[in-house]
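Numbering-wise (our numbering), the sequence shown opens with residue 6 and increments by one.
Cβ coordinates follow ideal geometry from the N, Cα and C atoms, glycine included.
Because the structure is a prediction, the values reported are computed rather than measured.
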Amino acid sequence: MSEIPAAPGAVIVISSHVVRGTVGNRAAVFALETLGHLVWALPTVILSWHPGHGRATRVTISDAEFRSIIDDLIDAPWIGEVRAVLSGYLGTPGQAEEVARLVTALKHRNPELFYACDPVIGDSNGLYIPAESAFAIRDRLLPLASLATPNRFELSWLAGAELDTNAAILEAALGLGPPRVLVTSAVAMMNGGTGNLYLSGRHALLAEHRLVENPPNGAGDLLSAVFLARLLQGLSEERALQMATASIFEVIARTAKRGADELTLEQDASSLATPMAMVQMRRLMHPGQMRRK
6 MSEIPAAPGA VIVISSHVVR GTVGNRAAVF ALETLGHLVW ALPTVILSWH
56 PGHGRATRVT ISDAEFRSII DDLIDAPWIG EVRAVLSGYL GTPGQAEEVA
106 RLVTALKHRN PELFYACDPV IGDSNGLYIP AESAFAIRDR LLPLASLATP
156 NRFELSWLAG AELDTNAAIL EAALGLGPPR VLVTSAVAMM NGGTGNLYLS
206 GRHALLAEHR LVENPPNGAG DLLSAVFLAR LLQGLSEERA LQMATASIFE
256 VIARTAKRGA DELTLEQDAS SLATPMAMVQ MRRLMHPGQM RRK
């Protein structure tokens, strides 16, 4: 699999929007713009703040309204600007159908369109969206994706398997469908660490860093956006993974040091642009190699 050639273009980002906080589109748009990308931002739901902080009003963009916006985007006179799409949290199964329609239309115009699907469906506590929405993401969006960025629980749910080892994670990632899969919360090989595991046709890589206890929400949204941004800049997969992992670790660690309850992106743009944190990179045996033995 060749690296993605660097070229100008816009990224359509489709996810949740919070009034206060740095999750969903608030994290992804900031990261992509900080790294020099033009962004079109489409909210799927609007919340006062992340529900983890307590009760929050939720306004879901209706399927009819969402469909109309997708119609506008497909017919927009500037649609030729769009080079990539990133989808995250979706409010209804119907929104997944419309994202699929948008991506299909864009790929018809430009077969090189890059679609990154962050299947935001749950965490170690279980699904936090209706199963019908999770099935729609699995069945309609993942088959279209150039890159999927699930956490380990999400990959386990999608694969229907327990993922207690990195070998099991790699096998599940290989069977997921997209040619590139980035899995967060992988099994760390270093004490007191956590990792991001990446599988493509060329690489099986683990990027590890020190575990930060009780991090604020939004790290997954941020990682998906930063990794996408680095790939679109033409970096190698290994370098993109190393830089994206370093950025997210730095932001999380600095946020924790400040005692903040949300990622402090406004103070940490330099961590996105020029991360300095050390990341342990490991090359793992690719599932394809294991099967040939």
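| task | Report yes if the C-beta distance between residue 217 and residue 174 is below 7 Å; otherwise report no. | result | Looking up residue 217 in the sequence shown gives position 212. Looking up residue 174 in the sequence shown gives position 169. Not in contact: residue 217 and residue 174 (Cβ atoms no closer than 7 Å).
| field | Enclosing beta strand (DSSP E) for residue 182 [first to last residue] | value | Against the sequence shown, residue 182 aligns to sequence position 177. Where residue 182 is concerned, there is no enclosing beta strand (DSSP E), given that its DSSP letter is neither H nor E.
| message | Report the start-end ranges of each alpha helix (DSSP H) in the segment 61 to 109 that is 4 residues or longer and not cut off at the edges. | response | 68 to 80
| query | Are the beta-carbon atoms of residue 176 and residue 292 separated by less than 7 Å? | reply | In the sequence shown, counting from the first residue as 1, residue 176 sits at position 171. In the sequence shown, counting from the first residue as 1, residue 292 sits at position 287. Closer than 7 Å, so yes.
| Distance between beta carbons of residue 146 and residue 104, contact taken as under 8 Å | The count along the sequence shown starts at 1 and reaches residue 104 at position 99. The count along the sequence shown starts at 1 and reaches residue 146 at position 141. Going by Cβ atoms, the distance from residue 104 to residue 146 rounds to 6 Å, so yes, they are a contact pair.
| said: What does the alpha-carbon distance come out to for the pair residue 29 and residue 196? | reply: Start at 1 with the first residue of the sequence shown, and residue 29 comes out as number 24. Start at 1 with the first residue of the sequence shown, and residue 196 comes out as number 191. Distance between the alpha carbons of residue 29 and residue 196 is about 30 Å.
| field | Runs of alpha helix (DSSP H) wholly within the segment 22 to 53 (minimum 4 residues, chain order) | value | 30 to 39
| query | Would residue 199 count as contacting chain D if we go by Cβ distances under 7 Å? | reply | As a matter of chain content, chain D is missing from the structure shown, which is built from one protein chain.
| message | Going by DSSP in three states, residue 131 sits in which element: helix, strand or coil? | response | In the sequence shown, counting from the first residue as 1, residue 131 sits at position 126. The answer is strand: DSSP assigns residue 131 an E or B state.
| What separation, rounded to the nearest whole angstrom, lies between the Cα atoms of residue 76 and residue 133? | Position 71 of the sequence shown, counted from the first residue, corresponds to residue 76. Position 128 of the sequence shown, counted from the first residue, corresponds to residue 133. Distance between the alpha carbons of residue 76 and residue 133: 29 Å.
| Between which two residues does the alpha helix (DSSP H) containing residue 121 stretch? | The residue labelled residue 121 in the question sits at position 116 within the sequence shown. No alpha helix (DSSP H) contains residue 121, which is instead part of the beta strand (DSSP E) from 119 to 122.
| message | Let's test the definition: count the other Cβ atoms within 10 Å of the Cβ of residue 225 and tell me whether it reaches 16, buried, or not, exposed. | response | Within the sequence shown, residue 225 is the residue found at index 220, counting from 1. Answer is buried; the Cβ neighbour count reaches 16.
| field | Cα-Cα separation, residue 121 to residue 153 | value | Taking the sequence shown and counting its residues from 1, the one referred to as residue 121 is at position 116. Taking the sequence shown and counting its residues from 1, the one referred to as residue 153 is at position 148. Looking at the two C-alpha atoms, the distance is approximately 6 Å.
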